[in-house]
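Numbering (our numbering) for the sequence shown: 2 to 309.
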Amino acid sequence: MKEKKFLGKIRQDPWESLAKGPREVMASLWQEYLQEILNATQKSKRYQTVRRQIEEKADFPEMYRQWNDLDVEARAAAWKRLITAAKDVLWAGWETCVRCGECCELSSPTLLAPDLALFQKEILTWNEVYTLRPGEQVTNREGKPETLREERLKIREVPGSHQCWFYQAATNSCRIYDDRPEQCRRQECWGEETPELDTAELLNRETLLAGVPEVWDLVTAHQERGGLDRVGRALKNLEASPEAAGEALFDALHFDHYLRQMLQEEWELSPAATEFILGRPLTQFLKDHGINATLTPEGTFRLLPRSD
Ligand code: SF4
Ligand code: SF4
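Pasting the structure below:
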């Protein structure tokens with residue numbers, strides 16, 4: 002680990018402000034100092050976690066309470082104690098994850114080849130992972146929509162959020178931290194931007210399911226009739242050849258729907274496990290493309306432009 006020069010001050014001479022100023026000035030200098038050292042905003046969880054650790058170590062609340070009554074020498078000693086505590090905490094954890102959970106709240110990890118071991122150890126099962134198939138629309142790291150070219154397996158997210166399924170917000174902790182996926186281990190929010198994923202490293206369903214032929218055969222049949230390339234082509238051709246395109250669309254929709262139903266009712270798999278085996282329902286894909294597909298009581302699909 003490369004040792005960083007720790008200067009212990011952010012202004013040429015903050016001491017005059019510290020010597021004469023009230024406790025609020027001292028607190029503001031302290032926060033400014035820590036922000037610069039960490040290169041993180043005060044709102045970031047990393048900043049807040051490190052700050053809490055340092056302030057506990059230096060008994061900052063007591064220092065703050067006494068500050069206005071301290072003489073210059075006592076202030077110098079108190080400030081030094083704070084900076085020494087900062088140095089101890091930061092040097093102990095410099096360029097390491099402080100487990101603040103900010104990245105866990107923003108998204109769940111994509112699984113990579115080394116994560117196969119997590120299935121073998123049963124840390125991960127079909128219920129905690131879902132599949133994004135080629136052709137799915139996702140939001141990339143710049144926040145722009147992107148169409149996937151290759152399959153990705155991801156840890157599920159807490160419904161209605163992007164938060165990783167394994168993250169426990171109440172305790173800021175990961176339920177599988179010692180066995181967390183490879184992408185979580187590589188996450189370095191303090192350094193240069195994390196490099197793009199190498200697609201050759203992605204874990205996929207074939208690696209996990211090819212040894213279970215009765216399941217893999219279903220996956221390949223589903224890909225043939227309900228693949229997003231076929232559905233995407235049908236959507237594009239809806240205007241030019243409505244009959245043929247509509248037929249392909251309804252065939253894919255029905256196959257996708259009844260296969261999921263069969264997996265749940267006859268194989269007794271959870272809805273979550275079907276999203277791993279078959280990917281997200283086709284109705285969701287159509288919704289992302291502005292179409293609501295609803296099942297009628299007669300068991301057929303009705304397609305309407307999305308109105309919400
Ligand atoms: S890698 Fe994630 S959990 Fe670790 S300090 Fe950075 S944002 Fe927090
Ligand atoms: S698996 Fe754990 S470390 Fe990784 S994103 Fe989820 S909660 Fe965070």
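From the three backbone atoms N, C-alpha and C, an ideal C-beta is built for every residue, glycine too.
- DSSP, reduced to helix, strand and coil, places T140 within a strand of the structure shown.
- Put simply, the backbone Cα of V220 is about 6 Å away from that of L279.
- At least one heavy atom of ligand 1 lies less than 7 Å from the C-beta of C190.
- Remark: the C-beta of S18 is outside contact range of ligand 2, defined as less than 7 Å to any heavy atom.
- Bounds of the alpha helix (DSSP H) holding K81 are 73 to 94.
- The beta carbon of E103 sits closer than 7 Å to at least one heavy atom of ligand 1.
- Between ligand 2 and Y168, a heavy atom-to-CB distance of less than 7 Å is present.
- Between V99 and T50 the beta-carbon gap is near 5 Å, inside 8 Å, which marks them as a contact.
- Between L107 and T200, the alpha-carbon positions lie close to 21 Å from each other.
- P115 has its Cβ no nearer than 7 Å to any heavy atom of ligand 2.
- If you compare the alpha carbons of E267, L254, L260, E207 with that of T297, the shortest gap goes to L254.
- With a cutoff of 7 Å, R47 counts as near ligand 1, since its C-beta is closer than that to a heavy atom of the ligand.
- Rounded to whole angstroms, the separation of the alpha carbons of L305 and W31 is 58 Å.
- DSSP places Y178 outside any alpha helix (DSSP H), giving it a letter other than H or E.
- The beta carbon of S45 is closer than 7 Å to those of E103 in its chain, skipping five residues each way along the sequence.
- A Cβ-Cβ contact shorter than 8 Å links I55 with V90.
- Nearest to S109 by C-alpha distance, out of F120, Q121, T132, is T132.
- Ranked by Cα distance from W80, the options Q121, A28, T126 are led by A28.
- Relative to the non-hydrogen atoms of ligand 2, the Cβ of Y178 comes within a distance shorter than 7 Å of at least one.
- The alpha-carbon separation between A59 and Y48 amounts to approximately 16 Å.
- Distances between the C-beta of C98 and the heavy atoms of ligand 1 include at least one below 7 Å.
- By the Cβ-count criterion, M263 is exposed, with fewer than 16 other Cβ atoms from all chains shown falling within 10 Å of its own Cβ.
- Setting aside the 5 residues that flank it on each side, A87 is surrounded in the same chain by I55, each with a C-beta closer than 6 Å to its C-beta; the list follows chain order.
- Here the region 150 to 168 does not lie against the region 211 to 229, with fewer than 3 beta-carbon pairs under 8 Å apart.
- Counting along the chain, no alpha helix (DSSP H) covers E189, and no H or E run does either.
- It is roughly 34 Å from the alpha-carbon of V73 to the alpha-carbon of E96.
- Ligand 2 approaches S109 closely enough that one of its heavy atoms is under 7 Å from the residue's Cβ.
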